[in-house]
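Asker: No gaps in the numbering here: position 409 of the sequence shown is 431 in this note's numbering, and each next residue is one more. All C-beta atoms, glycine included, are put in the ideal place defined by N, C-alpha and C.
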Amino acid sequence: MKSLKLQTLFTSVAMLVQNIFGFLFGILLSRFFLSNPSVVDTFYISYNIYLLFNMFSATQRVSILSIFKADTTAREIAGVSLRIYLLFFVLTVSLALLSPFISFLYLGATAYASVLRDLLLLFALVVFFQGLNGYYSAYLSSKRELNYISWGNIIGSGLGLCCFIALHRFGIYAAAIGFLVTHTFMYCFFLAKSDLPIHDLFSSCNLAYGKGISTRVLQSAAPYLGFNFSFLITQNALKTMDKGFITAFSYAYSLVILITAATTGSIGYTLSIKLAELKSKRSPEQILQYISDRVLVTLLLFSVLLGVLLVSTQPIGIFMFAYIPKNVDAGFSSLMVDTFSESAFFLSFSGFCLGLFTITIPVNFAYANTKGFFRYTVVILLLHLLAIMTLNMSYRYISGLFILSSFLLFAYQPIRMLQLFDRKQMLHFFITLLKIFFSFYTSVHLTSLYRPIIQNKFMDIFIFAALKSILFVTIYTILFVLAFPTKVKVIYSKYRRDYGKL
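See below:
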């Protein structure tokens, strides 16, 4: 078996590179199209609806990894593959058919409704290929081909970005076409590495295998759908506000989610693989300790990156909405910067919940401890939807409601873990999480007290962001060490010595 140590590290690096491509994508959107904020708002509406469907793909590397065992026959795998192809074909057709209704729901009979419909049709194709990419990623992960997956992600993301740049003169549709190029390439790249030839999918007996696989994919995506659907409801409530508001809010959401995926995503994949191997060999106490050690290290890195984003929102906002765009009014740019900064702070709470959720969900999946998964998510979403529709709330109240919904969606995981592990150990686990949480937000607050005047010049923006980042990292490191005076040294040395070898 290939060691996970270096592969996990490379997976994190690959996710970071993808996030850089994503950041460049956002900057170029501002550069090319922000002078027409309604167009950019329309793109982000379609993009965030696409993210809702994307969850069915993204969770497969966690949810269906365990079905690929050494004794699984080629015909059984082909049966599972066929069901996955059919599932994502249905999802693609569903989004395509719903696109006119969604466009009218968001934008009514305006001129931009047709733009939104066309963008959704393009993203519907992306849903199909990305769904298959998620499946083949799970299959290759079972063979510990994480490096190959990472290379596919990096190259595909780069090709999509280049395509967007080359076609941007044709309008906002170039952005969606860039995503389609990315995932079409990745599909071909992963299919070439796997030993799952397409012609085997259509064997007459294939549907006898893989029963329940579609249900597993839908159930595993349910809590992630909760986060994204909750965001869509919140976004829909913001559409009556000033033009550009949805764009600034979406930029903040995208950056928070990208940081979350880059740090907690890789450990989530690793835990999925290791827990499938360890649950029959190790005691629950040893497994919880294994999880706790990696959670502490992962959340330390996650907190540093998220904190750097939060303390740098003003210079990042000025760079994206004032320095980069062409022909944008100064007053509008200032509004975008303020909205982006405030949104990032509120959304960071939800990012924390999603990060913790990504780390803890593999545990419940490994033990098939997911009873009530879907029903709980639906109830939380209905309450969120009811509150948005019945209450006349300001942006701050809407953001607060989003934070509450995100926390409740996350809370399911540790509550279920109480059935697997000793309650005293779980209490210690919760105390660890609270220490990290309070150390993080205390550091952000203390860093925000430093408020120098900043001009719309590149060096001023860069220097301001660098100084605040250094100050935050210093404060957070001190508070983190104070919160864990002995464990930091022990975990650090142990992590370097045997991470991925337990």
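Applying the 10 Å Cβ sphere with the 16-neighbour rule, what's the burial state of Thr-496?
Answerer: Result: exposed.
Asker: Along the chain, which unbroken stretches of the alpha helix (DSSP H) at least 4 residues long are found entirely within the segment 382 to 460?
Answerer: Segments of the alpha helix (DSSP H) lying fully in the segment 382 to 460: 395 to 412 and 417 to 439.
Asker: Considering only residues of the same chain and omitting the five flanking positions on each side of Val-61, which have a CB-CB separation below 6 angstroms?
Answerer: Same-chain partners within the cutoff: Phe-55 and Ile-194.
Asker: Can you find the residues in the same chain that come closer than 6 angstroms, C-beta to C-beta, to Leu-142, ignoring five residues on each side of it along the sequence?
Answerer: For Leu-142, where only same-chain residues beyond five positions count, the Cβ hits under 6 angstroms are Ser-68 and Ser-121.
Asker: Count the other CB atoms, across all protein chains shown, that sit within 10 Å of the CB of Asp-444; report buried if there are 16 or more and exposed otherwise.
Answerer: Its Cβ having fewer than 16 others within 10 Å, Asp-444 is exposed.
Asker: So, are the CB atoms of Ser-252 and Leu-403 less than 8 angstroms apart?
Answerer: Yes. Within cutoff.
Asker: State the DSSP-derived secondary structure class of Ser-216, mapped to helix, strand or coil.
Answerer: Here Ser-216 sits in coil by DSSP.
Asker: With a threshold of 8 angstroms between beta-carbons, can Thr-380 be considered close to chain C, or not?
Answerer: Among the chains in the structure shown there is no chain C, since it carries only a single protein chain.
Asker: Under the three-state reduction of DSSP, which class applies to Val-350: helix, strand or coil?
Answerer: Residue state, collapsed to three classes: coil.
Asker: Report yes if the CB atom of Ser-428 is closer than 8 angstroms to the CB atom of Phe-249, and no otherwise.
Answerer: Yes. Within cutoff.
Asker: Among Tyr-463, Pro-306, Ala-100 and Cys-375, which one has its Cα closest to the Cα of Phe-494?
Answerer: Closest option to Phe-494, Cα to Cα, is Tyr-463.
Asker: Measure from the alpha carbon of Arg-304 to the alpha carbon of each residue in Lys-165, Ile-49, Phe-65 and Tyr-389, then state which is nearest.
Answerer: For Arg-304, the nearest C-alpha among the options comes from Tyr-389.
Asker: Determine the burial state of Val-2: buried for a count of at least 16 other Cβ atoms within 10 Å of its Cβ, exposed for fewer.
Answerer: Absent from the structure is residue 2, since the part of the chain shown begins at 23 and ends at 524.
Asker: Would you list, in sequence order, the uninterrupted beta strand (DSSP E) runs of no fewer than 3 residues that lie entirely inside the segment 129 to 159?
Answerer: Here no run is fully enclosed.
Asker: Which residue marks the beginning of the alpha helix (DSSP H) containing Lys-490, and which one marks its end?
Answerer: Here the alpha helix (DSSP H) through Lys-490 covers 480 to 505.
Asker: By Cβ distance, which residues of its chain are closer than 7 angstroms to Ile-255, with the 5 residues on each side in sequence left out?
Answerer: Cβ within range, chain order: His-406, Leu-407 and Ile-410.
Asker: So what's Arg-105 in DSSP terms, helix, strand or just coil?
Answerer: It is helical.
Asker: Can you give me the Cβ contacts of Ser-325 inside the same chain, cut-off strictly under 6 angstroms, excluding the 5 residues immediately before and after it?
Answerer: The answer, listed in chain order, is Phe-462.
Asker: Just the Cα atoms here: how many angstroms apart are Ser-465 and Ile-492?
Answerer: Cα to Cα, the separation comes out at about 12 angstroms.
Asker: With H, G and I counted as helix, E and B as strand and the rest as coil, what does DSSP make of Ser-334?
Answerer: Coil.
Asker: Going by DSSP, what residue range makes up the alpha helix (DSSP H) through Tyr-66?
Answerer: Unbroken alpha helix (DSSP H) run through Tyr-66: 59 to 80.
Asker: Under a Cβ-count criterion, where at least 16 other Cβ atoms within 10 Å of its own Cβ denotes burial, should Gln-308 be classed as buried or exposed?
Answerer: Its Cβ having fewer than 16 others within 10 Å, Gln-308 is exposed.
Asker: Taking buried to mean at least 16 other C-beta atoms within 10 Å of its own C-beta, is Leu-431 buried or exposed?
Answerer: By the neighbour-count rule (16 or more Cβ atoms within 10 Å), Leu-431 is buried.
Asker: Buried or exposed, going by whether 16 or more other CB atoms sit within 10 Å of the CB of Met-481?
Answerer: When all chains shown are included, Met-481 counts as exposed.
Asker: Note down the Cα distance separating Pro-507 from Thr-499, rounded to an integer number of angstroms.
Answerer: Straight-line Cα distance between these residues: approximately 11 angstroms.
Asker: Run through DSSP, which three-state label would Phe-90 get?
Answerer: Looking at Phe-90 - three-state DSSP - the assignment turns out to be coil, as it is neither helix nor strand.
Asker: Can you grab the Cα-Cα spacing for the pair Ser-226 / Ser-103, in whole Å?
Answerer: Because Ser-226 carries a pLDDT of 49, less than 50, the predicted location of this residue cannot be relied on, and the following value inherits that uncertainty. Rounded to the nearest angstrom, the two C-alpha atoms are 13 angstroms apart.
Asker: How is the alpha helix (DSSP H) around Thr-269 delimited, first residue to last?
Answerer: Counting along the chain, the alpha helix (DSSP H) containing Thr-269 begins and ends at 267 to 282.
Asker: Decide if Cys-210 is buried, meaning its Cβ has at least 16 other Cβ atoms within 10 Å, or exposed.
Answerer: Exposed.
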